[in-house]
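Structure first, commentary second.
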Amino acid sequence: MNVRVVLPSPLRAIARVDGELQFDVAAPVTIAAVLDAVEARHPQLRGTIRDQQSGKRRAFIRFFACEQDLSHDPTDAPLPDEVARGEEPLLVVGAIAGG
Amino acid sequence: MSGVRVLVGTRKGAFILTADGKRKDWDVSGPHFPGWEIYHVNGSPADPNRIYASQSSGWFGQVMQCSDDGGATWNTVGNEFAYRGQTGTHQWYDGTPHPWEFKRVWHLEPSIDDPDTVYAGVEDAALFKSTDGGATWGELNGLRDHRTGSKWQPGAGGMCLHTILLDPVNRDRIFVAISAAGAFRSDDGGTTWKPINRGLNSEYIPDPNAEVGHCVHRIAMHPSRPEVLFMQKHWDVLRSDDAGDNWREVSGNLPSDFGFPVAVHAHEPETIYVVPIKSDSEHYPPDGKLRVYRSRSGGNEWEALTNGLPQENCYVNVLRDAFAVDRLDQCGVYFGTTGGQVYCSPDGGDHWEPIVRDLPAVLSVEVQTLA
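Quick note, the sequences are listed as chains A and B, same order. Count along the first sequence from 1, add 8, and you get the number used in my numbering. Count along the second sequence from 1, add 27, and you get the number used in my numbering.
And the structure:
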């Protein structure tokens, strides 16, 4: 599956990429599987989205797709079909949390 | 002609300030890593083109950077700081046990002779070491596993290991300082550690002379005399003449003995510098006058250095890692403020000029002396 991912600009700078990214992710397409693909291509992002040991999402990171907040969903739950089909992106968002 | 490169970490990026040996005209590069907190940037004594930087944010955690061209370009290196073995607990602010949790790298200390070897002092307090240029990090967990570890607790800034001194003579000897646990020494390359806090008197803890629990803000040494240490504690300036085994207060005539940095002149081991701050609740200079204090006698007798520094309405702070000296023949002295100024004195503190006035709050200042 060709999955579209939008990273926050500070992480795009770390990864030295511009704009939306695309990753080939095998079904089932889950948040964990997408992040595995992101970190495999851009290892410098390890630890910036989720903890390297526990895999837990960092507190001020959010996952949005199809106008839904998926941040609290299990990371091994299938993402919406629109994301899996590449019709909608998975948005990795830095929460609005001060300065 | 020789020159200097000043490495500045701020709340919103890193800046590199370069000048020739006159230290009059400066080139300012940055912000590098704009928007990120840069707790520390430090260069290798063995290869000044090798520079390490600690980049962090509340959103995205810890990122580590390394440059091989003096800070012109940077590469991301390893950022996995995993505590080794049983993580254990330290004391939380309310006295309850709290698991060690990695938050950020406060201080980077490259090896004296190997550009690929670098130590990292982190919050929650622990010491890590990399021998592959920062690609991987391993904890020297004998420190955190010390029998007193469960008694350590955070200061207001967090429980940080903020000072690492590598003994240039006895290469197996390392000194570290932790807020708020105190100072520690290893004589076996970091495998085992002992607290070195005898003589410290901290009225703000239940036992003012306890083995650990002291809020040590910074320690400093002169490389020619590594058994002599100077300390700026939360309150009190102290010195030790026996590698930290015993300390005595040398605050003398300072207007306040609260402060953060302490530094030693590059060529005069008995000439030391501090920046008095009014109190632990009023983090700014006494009387609104920014004064560096210099002692030429290793403490006790201090003189105010004010020429070129604001002497009215100045309410900035100078943080523990934001003071440095260069090694040019006429020793240059540098410090950065929470107001975004970086000052330089090319004559050991007699005259000061701002290099820059309007950076984000300065967290750290290091200087490299270039051939």
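Positions of the beta carbon are idealized from the N, C-alpha and C atoms, including for glycine. Computed from a predicted model, the values in this text were never measured in an experiment.
Between which two residues does the alpha helix (DSSP H) holding residue i run?
| i | result |
| --- | --- |
| residue 18/A | 17 to 23 |
| residue 89/A | 89 to 92 |
| residue 32/A | From DSSP, residue 32/A is part of no alpha helix (DSSP H) but of the beta strand (DSSP E) over 29 to 32. |
| residue 45/A | 39 to 49 |
Going by the CB atoms, is the gap between residue j and residue i shorter than 8 angstroms?
| i | j | result |
| --- | --- | --- |
| residue 117/B | residue 177/B | yes |
| residue 47/B | residue 70/B | no |
| residue 275/B | residue 226/B | yes |
| residue 79/B | residue 165/B | no |
| residue 230/B | residue 279/B | no |
| residue 56/A | residue 104/A | no |
| residue 76/B | residue 92/B | no |
| residue 149/B | residue 188/B | yes |
| residue 13/B | residue 293/B | A query on residue 13/B cannot be resolved here, the shown segment of chain B reaching from 28 to 398 and no further. |
| residue 304/B | residue 296/B | no |
Report the residue from the options whose alpha carbon sits nearest the alpha carbon of residue i.
| i | options | result |
| --- | --- | --- |
| residue 63/A | 40/A, 104/A, 87/A | 40/A |
| residue 113/B | 119/B, 101/B, 121/B, 127/B | 127/B |
| residue 138/B | 220/B, 196/B, 107/B, 87/B | 196/B |
| residue 110/B | 168/B, 208/B, 284/B | 168/B |
| residue 45/A | 54/A, 52/A, 31/A | 31/A |
| residue 185/A | 18/A, 34/A, 50/A, 101/A | Given that chain A is displayed from residue 9 to residue 107, the structure contains no residue 185/A and the question cannot be resolved. |
| residue 175/B | 141/B, 363/B, 152/B | 152/B |
| residue 263/B | 99/B, 271/B, 272/B, 306/B | 306/B |
| residue 140/B | 301/B, 129/B, 74/B, 180/B | 74/B |
| residue 261/B | 308/B, 349/B, 49/B, 81/B | 308/B |
| residue 121/B | 62/B, 290/B, 63/B, 181/B | 181/B |
| residue 353/B | 173/B, 374/B, 83/B, 330/B | 374/B |
| residue 16/A | 71/A, 75/A, 59/A, 61/A | 71/A |
| residue 42/B | 237/B, 54/B, 50/B | 54/B |
Between which two residues does the beta strand (DSSP E) holding residue i run?
| i | result |
| --- | --- |
| residue 170/B | Unbroken run through residue 170/B: none, as it is neither H nor E. |
| residue 104/A | Segment: none, residue 104/A is in no beta strand (DSSP E) and carries neither H nor E. |
| residue 330/B | 330 to 332 |
| residue 150/B | 145 to 150 |
| residue 93/B | 88 to 94 |
| residue 137/B | 131 to 137 |
| residue 126/B | 124 to 126 |
| residue 57/A | Per DSSP, residue 57/A belongs to no beta strand (DSSP E) and is neither H nor E. |
| residue 60/B | Element bounds for residue 60/B: n/a, residue is neither H nor E. |
| residue 43/B | 40 to 47 |
| residue 187/B | 187 to 193 |
| residue 209/B | 209 to 213 |
Going by beta carbon distance, what residues of the same chain come within less than 6 angstroms of residue i, once the five residues before and after it are set aside?
| i | result |
| --- | --- |
| residue 385/B | 367 |
| residue 106/B | 89, 90, 91 |
| residue 256/B | 246, 248, 267, 271 |
| residue 123/B | none |
| residue 147/B | 132, 135, 155 |
| residue 171/B | 153 |
| residue 351/B | 361, 392, 393, 394 |
| residue 50/A | 23 |
| residue 400/B | What is shown of chain B runs 28 to 398, which leaves residue 400/B out entirely. |
| residue 289/B | 245, 247, 257, 259, 301 |
Quick one: what's got a C-beta closer than 8 angstroms to residue i's C-beta in the same chain, skipping five residues either side?
| i | result |
| --- | --- |
| residue 73/A | 87, 88, 90, 91, 96, 97, 98, 99 |
| residue 344/B | 287, 304, 310, 311, 364, 365 |
Among residues of its own chain, excluding the 5 on either side of residue i, which ones have a beta-carbon nearer than 7 angstroms to its beta-carbon?
| i | result |
| --- | --- |
| residue 219/B | 169, 213 |
>> Which runs of the alpha helix (DSSP H) at least 4 residues long sit entirely within the segment 253 to 309 of chain B? Give them in chain order.
In response: none
> Hey, which unbroken runs of the beta strand (DSSP E) at 3 residues or more fall wholly within the segment 348 to 391 of chain B?
Replying inline: 350 to 352, 360 to 363, 369 to 372, 380 to 383
> Of the residues that make up the segment 323 to 352 of chain B, which ones have a beta carbon closer than 9 angstroms to any beta carbon in chain D?
Replying inline: Structure shown: chain D not included; protein chains present are A and B.
>> Please give me, in chain order, every unbroken run of the alpha helix (DSSP H) with length at least 4 that falls completely inside the segment 214 to 257 of chain B.
In response: none
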